[in-house]
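Protein chains in written order, with my numbering: chain A, 461 to 558; chain B, 461 to 558.
Working notes, structure below.
Protein chains: 2
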Amino acid sequence: MARVVVDVMLKPEILDPQGQAVANALPRLGVNDVTSVRIGRRIEIEFAGEPDLDRAREIADKLLANPVIEDFAVHVDAAGTVKPASDSQESQPAEAPA
Amino acid sequence: MARVVVDVMLKPEILDPQGQAVANALPRLGVNDVTSVRIGRRIEIEFAGEPDLDRAREIADKLLANPVIEDFAVHVDAAGTVKPASDSQESQPAEAPA
């Protein structure tokens, strides 16, 4: 099983009100050194056999991204980037599921 | 200027109807070897100075992800992952903006 990741982001010249809203909320958390927040989509595609980047590109172009306002990038995933609870430093090692 | 990327995905045990809809549409494109599609969010945070992973983790935890149903991963971005039109193989080198 192989996973291809498609990252879809609004083009830089397109306004991102959702990201702007997050950026505007940051001073309330005491964060003052963030200059911009942009919010896009991350799509994980699992292939039964070999990961097929050309296929993934075609899927992204036809189904996942709007090429008028969005850019996308396709890459093969190094197994499991987003792991449960792996990012809280106070958490126990992620080996044992709770 | 440094960029931190936060990837937010639904936990594996949570149903993803949006990804399911994409997966169901794939046979119409002639793609039959995809076993699953999951759709999450990719958030790019630009810091004015040094990229601050701990800060980014705090932002993700408090503003970007719902820890009940979502996992997130934080990493420093290797400059500009999502580039305009860089994924169409027929396109010219991305150096010169159109």
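Glycine included, every Cβ here is placed at the ideal spot set by N, Cα and C.
Note that the structure is predicted; figures quoted are calculated from it, not measured.
Exercise. Is A:Met-461 close to chain B, meaning its C-beta is less than 8 Å from at least one C-beta of that chain?
Worked result: Here the question's residue 461 of chain A lines up with position 1 in the first sequence. Interface annotation, A:Met-461: in contact with chain B, CB-CB separation under 8 Å.
For this session: For A:Ala-508, decide whether its Cβ has a neighbour in chain B, counting only Cβ atoms nearer than 8 Å.
Result: Residue 508 of chain A sits at position 48 when you count from the first residue of the first sequence. At least one chain B Cβ lies under 8 Å of A:Ala-508.
For this session: Helix, strand or coil for A:Leu-513, going by three-state DSSP, please let me know.
Result: Counted from its first residue, the first sequence places residue 513 of chain A at position 53. In the structure shown, A:Leu-513 sits in a helix (DSSP, three-state: H, G or I).
For this session: Take B:Asn-492 and list the residues in its own chain whose beta-carbon comes closer than 7 Å to its own, dropping the five residues that flank it on each side.
Result: As a working note, residue 492 of chain B is residue 32 in the second sequence. There are no such residues.
For this session: Would you mind sorting B:Ile-474 into buried or exposed? The rule is 16 or more other CB atoms within 10 Å of its CB.
Result: Taking the first residue of the second sequence as position 1, residue 474 of chain B is located at position 14. B:Ile-474 comes out exposed.
Problem set entry | beta strand (DSSP E) segment containing B:Val-464, residue limits | On the second sequence, position 4 is the one that residue 464 of chain B refers to. For B:Val-464, the uninterrupted beta strand (DSSP E) run begins and ends at 462 to 470, by DSSP.
Exercise. For A:Glu-550, is the classification buried or exposed, using 16 other Cβ atoms within 10 angstroms of its Cβ as the cut-off for buried?
Worked result: The residue labelled residue 550 of chain A in the question sits at position 90 within the first sequence. Only weak support exists for where A:Glu-550 lies, its pLDDT of 37 falling under 50; the value from the coordinates is given anyway. Around the beta carbon of A:Glu-550, fewer than 16 other beta carbons lie within 10 angstroms, which makes this residue exposed.
Exercise. If contact means a Cβ-Cβ distance below 8 Å, which residues of the segment 474 to 497 of chain B contact chain A?
Worked result: Within the segment 474 to 497 of chain B, the qualifying residues are Gly-479, Val-482, Ala-485, Leu-486, Leu-489, Val-491, Asp-493, Val-494, Thr-495, Ser-496 and Val-497.
Problem set entry | 8 Å Cβ cutoff, A:Asp-537 in contact with chain B | In the first sequence, residue 537 of chain A corresponds to position 77, counting from 1. Closer than 8 Å: no.
For this session: Mind listing the chain A neighbours of B:Ile-505? Cutoff is C-beta to C-beta under 7 Å, in chain order.
Result: As a position in the second sequence, residue 505 of chain B is number 45, starting the count at 1. Result: Val-494 and Val-497.
Problem set entry | Close Cβ partners of B:Arg-498 (< 7 Å) along its chain, the five nearest in sequence each way excluded | In the second sequence, the residue the question calls residue 498 of chain B occupies position 38. So the qualifying residues of the chain are Met-469, Leu-470, Asp-476 and Gly-479.
Problem set entry | Within 8 Å, strictly: CB atoms of A:Val-464 and A:Pro-527 | Residue mapping note: residue 464 of chain A aligns to position 4 of the first sequence, counting from 1. Residue mapping note: residue 527 of chain A aligns to position 67 of the first sequence, counting from 1. No, the pair does not count as a contact, with Cβ atoms beyond the cut-off.
Problem set entry | Closest by C-alpha distance to B:Val-534, when choosing among B:Ser-496, B:Leu-524 and B:Val-466 | The residue you call residue 534 of chain B lines up with position 74 of the second sequence. Here the closest residue by C-alpha is B:Val-466.
For this session: Could you please tell me which residues of the segment 520 to 531 of chain B, in chain order, have their CB closer than 8 Å to any CB of chain A?
Result: Of all residues in the segment 520 to 531 of chain B, Ala-520, Asp-521, Lys-522, Leu-523, Leu-524 and Asp-531 have a Cβ within less than 8 Å of some Cβ in chain A.
Problem set entry | Buried/exposed call for B:Ala-538, threshold 16 Cβ in 10 Å | As a position in the second sequence, residue 538 of chain B is number 78, starting the count at 1. The residue is exposed, with fewer than 16 neighbouring Cβ atoms inside 10 Å.
Problem set entry | Three-way DSSP call (helix, strand, coil) for A:Ala-538 in this model | In the first sequence, the residue the question calls residue 538 of chain A occupies position 78. It is coil, neither helix nor strand.
Exercise. Quick one, are the C-beta atoms of A:Arg-502 and B:Gly-500 less than 8 Å apart?
Worked result: By one-based count along the first sequence, residue 502 of chain A stands at place 42. By one-based count along the second sequence, residue 500 of chain B stands at place 40. Their beta carbons are under 8 Å apart, which means A:Arg-502 touches B:Gly-500 by this criterion.
Exercise. Rounded to a whole number of angstroms, what is the C-alpha to C-alpha distance between A:Met-461 and A:Gly-509?
Worked result: Residue mapping note: residue 461 of chain A aligns to position 1 of the first sequence, counting from 1. Residue mapping note: residue 509 of chain A aligns to position 49 of the first sequence, counting from 1. About 6 Å.
For this session: Just the C-alpha distance for B:Ala-434 and A:Pro-472, rounded to the nearest angstrom, thanks.
Result: Since the first residue shown for chain B is 461 and the last is 558, residue 434 of chain B is missing from the structure and cannot be characterised.
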